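Residue numbers (the working numbering), protein chains in the order written: chain A, 3 to 141; chain B, 3 to 141. Ideal Cβ placement from N, Cα and C applies to all residues, glycine included. This one's a predicted model, so the numbers in the text were calculated from it and none came from an experiment. Take a look at the structure below.
2 protein chains.
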Amino acid sequence: MAAATSITRAHQIVLGRINQALLPFDLTFSRYEALALISFSRSGALPLGKMGERLQVHPTSVTNTIDRLEADGLVRRVAHPTDRRATLAKITAQGRLRLEKATQSMVEIRFGLGEVPEEPTVQIANTLAEVRRSAGDIS
Amino acid sequence: MAAATSITRAHQIVLGRINQALLPFDLTFSRYEALALISFSRSGALPLGKMGERLQVHPTSVTNTIDRLEADGLVRRVAHPTDRRATLAKITAQGRLRLEKATQSMVEIRFGLGEVPEEPTVQIANTLAEVRRSAGDIS
DNA sequence: CGTCAATAGTAGGATGTCCAACTATCTGGC
DNA sequence: GCCAGATAGTTGGACATCCTACTATTGACG
């Protein structure tokens, strides 16, 4: 139970710090993650469904996230070239700019890890990998 | 960044499993945590503010949680004996029964850790302690 | 080549979390 | 004693998440 509690608390702490740091950019961690994911794709656009898979969130959550990013002018919904069911979220120039600034801030706060040194963070990723493996999140 | 991502994903996975297991008892992890906390107190009752401190959540979250537990008959709001500002959440007999059953289920799924062996879970708690220490969550 | 199951996305409703603002009560300094 | 500031809890609003149910489109099998 100590492990489960630790994960919950660590998550609260890290997420809280991250969202605090993203506040000036009018972003949240969900929106930041989504924006970053899109920007990493070669064409700068991704079908919403694919995003849900990658981020491991429900399709309705993606809809919500993209709604907000689009309202803020950071992405644009465009039609999928061949599949008329699908919608692509395409990052805008403004979106890339905002993402870049936000990422600087993320790096400064070390993605919520704060003053925790490098070595322990590697440990954390490694030990939690066990949990993620058990759920098929990673192989 | 890998560490931050790992914490987020592990949290999603563990919380998802826990809430799934609590579904038959009409509980969520928040409500389960709150109920357990109250039951551990000597008198079986706690001021809402104290609960917020212990669980590290906002006062309004406690209000919400207790609202639901009370609506389900698992706790009852009673007046604080000396401080008329404060309200105590007191666990009911039905609450203790429900908690007991839910706890059995929690133990069975090892609090969401599933098939992860004992040793790695200890590792997880230890490595994440670093993050929690950095936020003053633990000493 | 036509029907029907599968897939992509969205709408509505529930829960949990936070923040800002409010009411009620307590407490300490004058 | 009294009044200002602190404290306890709630209310209303914002976000993120999930689930169920729905529409539109695709694709596969008879």
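Item	Value
Residues near A104 (chain B) in its chain [Cβ-Cβ closer than 7 Å; skip 5 each side]	L24, F27, L29, Y34
Neighbour list for R1 (chain B) in chain A, Cβ cutoff strictly below 7 Å	With chain B covering only 3 through 141, there is no way to say anything about residue 1 (chain B).
Classification of N32 (chain B) by the beta-carbon crowding that lies within 10 angstroms, buried from 16 upward	In the sequence as presented, Asn is not what sits at residue 32 (chain B); that position holds Ser. Per the 10 Å Cβ criterion, buried.
Beta-carbon proximity list for I93 (chain B), same chain, < 6 Å, skipping 5 on both sides	I40, S41, G46, V77
Per DSSP, cross-strand counterpart(s) of A81 (chain A)	A:T89
Min CB distance S8 (chain A) to chain B below 8 Å	yes
Chain A contacts from the segment 108-124 of chain B (Cβ-Cβ distance under 9 Å)	M108, V109, R112, F113, G114, L115, G116, E117, V118, P119, P122, T123, V124
Contiguous alpha helix (DSSP H) assignments of at least 4 residues, all confined to the segment 17-89 of chain A	31-42, 50-57, 61-73
The segment 60-74 of chain A contacting the segment 117-130 of chain A, beta-carbon criterion three pairs below 8 Å	no
Chain A residues whose Cβ lies nearer than 7 Å to that of L130 (chain B)	S8, I9, A12, I126
Environment of R100 (chain B) [buried if 16+ CB atoms lie within 10 Å]	buried
Candidates B:D74, B:G75, B:V80, B:S141: closest to L50 (chain B) by CA position	B:V80
Contact list for V16 (chain A) against chain B, beta-carbon separation under 7 Å	A6, I9, V133
Under 7 Å by beta carbon: chain B residues contacting M53 (chain A)	Per Cβ cutoff of 7 Å: no residues; M53 (chain A) is ~15 Å from chain B at best.
A38 (chain A) to R98 (chain A) span [Cα, whole Å]	9 Å
Separation of A36 (chain B) from L17 (chain A), as counted between CA atoms	21 Å
Among A:V109, A:M53, A:Q125, nearest to A91 (chain A) - alpha-carbon criterion	A:M53
Cα-Cα separation between L57 (chain B) and H82 (chain A), rounded to whole angstroms	46 Å
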